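**Student:**
Residue numbers (the numbering used here): 76 to 311.
(1) Does DSSP put residue 288 in a helix, a strand or coil?
(2) Could you compute how far the alpha carbon of residue 79 sits from the alpha carbon of residue 94?
(3) Identify whether residue 226 lies in helix, strand or coil by the three-state DSSP scheme.
(4) For residue 207, does the count of other Cβ atoms within 10 angstroms reach 16, so buried, or fall short, so exposed?
(5) Per DSSP, what kind of secondary structure is residue 267 in: helix, strand or coil?
(6) Could you tell me which residues DSSP pairs with residue 294 in its beta bridges?
(7) For residue 115, which of helix, strand or coil comes out of DSSP?
(8) If we call anything under 8 angstroms between Cβ atoms a contact, is residue 187 one with residue 104?
(9) In angstroms with no decimal places, state the Cα-to-Cα distance between residue 284 and residue 210.
(10) When burial is assigned at 16 or more other CB atoms within 10 Å of the CB, is residue 296 buried or exposed?
(11) Looking at the structure shown, is residue 125 part of a helix, part of a strand, or coil, going by DSSP?
(12) Counting only runs that start and end within the segment 183-212, where is the alpha helix (DSSP H) found for 4 or more residues in a row?
(13) Have a look at the DSSP bridge pairing and note the partners of residue 309.
(14) Is it the case that the Cβ atoms of residue 202 and residue 291 are separated by a distance below 8 angstroms?
(15) To the nearest angstrom, how far is the alpha carbon of residue 141 from that of residue 247?
(16) Whose CA, out of 174, 182, 144 and 226, lies closest to the CA of residue 160?
(17) Along the chain, where does the alpha helix (DSSP H) containing residue 136 start, and where does it finish?
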């Protein structure tokens with residue numbers, strides 16, 4: 076009878092995937108948290124047990140949205156939201172992206188900033204991608220926030236599913252981009268806090284444009300098939 080080969084514990088540990096970071100104690104701010112995408116992300120993260128602060132141009136509007144969400148979510152104006160958070164998700168409309176971030180440069184210094192803004196245009200043929208002068212919304216954020224740790228993630232999520240309280244899991248991968256390995260690791264771990272989601276590293280920030288642009292294709296998919304499509308990365 077053939078004997079099984081002995082297992083080398085050290086070799087097994089070396090080849091096993093690293094354990095995800097524990098980001099459960101970090102405070103997550105959501106700039107634009109009163110919009111559909113921001114509100115949905117705030118809800119999902121708070122439902123997963125994360126401390127969440129919603130930011131808006133006025134504290135009153137943010138506080139009203141936070142009260143509707145419950146789950147311990149707090150509301151504040153954008154500056155206070157940025158100051159009080161460890162990780163800040165940018166979910167503002169593209170039209171106000173540059174002005175919002177330029178005004179918060181000091182408050183966002185040293186923070187992990189997660190840009191999920193998709194620069195899109197719309198005409199009679201549907202959605203199409205815009206290309207900012209900097210290359211992408213995330214690269215624009217990095218240019219405006221030189222003292223922040225800018226990443227890009229959460230682009231391909233359906234706001235409808237995020238806000239649907241009857242949906243237990245969001246079946247999708249989250250592509251995470253950035254030049255700071257520790258920052259992208261933290262954002263991947265944050266995505267993994269939401270049931271059904273998985274954070275996948277997808278390259279450096281210079282590759283953010285095609286990730287942002289893919290949302291135009293997903294909008295076309297959703298319109299044709301009456302769906303709320305997401306993405307899965309295979310063999311990873």
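No residue lacks a Cβ here, since even glycine has one placed at the ideal position from N, Cα and C. Note that this is a predicted model, so its numbers are computed, not measured.
**Tutor:** On the basis of the data shown:
(1) Start at 1 with the first residue of the chain shown, and residue 288 comes out as number 213. Helix at residue 288.
(2) Counting from one through the chain shown, the residue named residue 79 turns up at place 4. Counting from one through the chain shown, the residue named residue 94 turns up at place 19. The predicted model places residue 79 with a pLDDT of 44, which falls under 50 and marks its position as unreliable; any figure quoted below should be read in that light. About 28 angstroms.
(3) Residue mapping note: residue 226 aligns to position 151 of the chain shown, counting from 1. Strand.
(4) For this step, residue 207 is matched to residue 132 along the chain shown. By the 10 Å Cβ count, residue 207 comes out buried.
(5) As a position in the chain shown, residue 267 is number 192, starting the count at 1. In this structure, residue 267 counts as helix in the three-state DSSP scheme.
(6) For this step, residue 294 is matched to residue 219 along the chain shown. Paired residue(s): none; residue 294 is not in a bridge.
(7) Here the question's residue 115 lines up with position 40 in the chain shown. DSSP places residue 115 in helix when its eight states are reduced to three.
(8) Counting from 1 along the chain shown, the entry for residue 187 is found at position 112. Counting from 1 along the chain shown, the entry for residue 104 is found at position 29. In terms of Cβ geometry, residue 187 and residue 104 do not form a close pair [threshold 8 angstroms].
(9) As a first step, residue 284 is located in the chain shown; it is residue number 209 there, counting from the start. As a first step, residue 210 is located in the chain shown; it is residue number 135 there, counting from the start. Distance between the alpha carbons of residue 284 and residue 210: 6 angstroms.
(10) As a position in the chain shown, residue 296 is number 221, starting the count at 1. Residue environment: residue 296 is assigned as exposed (fewer than 16 neighbouring CB atoms within 10 Å of its CB, all protein chains considered).
(11) Residue mapping note: residue 125 aligns to position 50 of the chain shown, counting from 1. Here residue 125 sits in coil by DSSP.
(12) none
(13) Here residue 309 refers to the residue found at position 234 when the chain shown is read from its first residue. Its beta-bridge partners do not exist; DSSP assigns none.
(14) In the chain shown, counting from the first residue as 1, residue 202 sits at position 127. In the chain shown, counting from the first residue as 1, residue 291 sits at position 216. Yes, these two residues count as a Cβ contact at 8 angstroms.
(15) Translated into positions along the chain shown, residue 141 becomes position 66. Translated into positions along the chain shown, residue 247 becomes position 172. Using only the alpha carbons, I get a separation of about 25 angstroms.
(16) Taking the first residue of the chain shown as 1, we reach residue 160 at position 85. Residue 182 is the option with its Cα nearest to residue 160.
(17) Stepping through the chain shown from its first residue, residue 136 is reached at position 61. Counting along the chain, the alpha helix (DSSP H) containing residue 136 begins and ends at 134-144.
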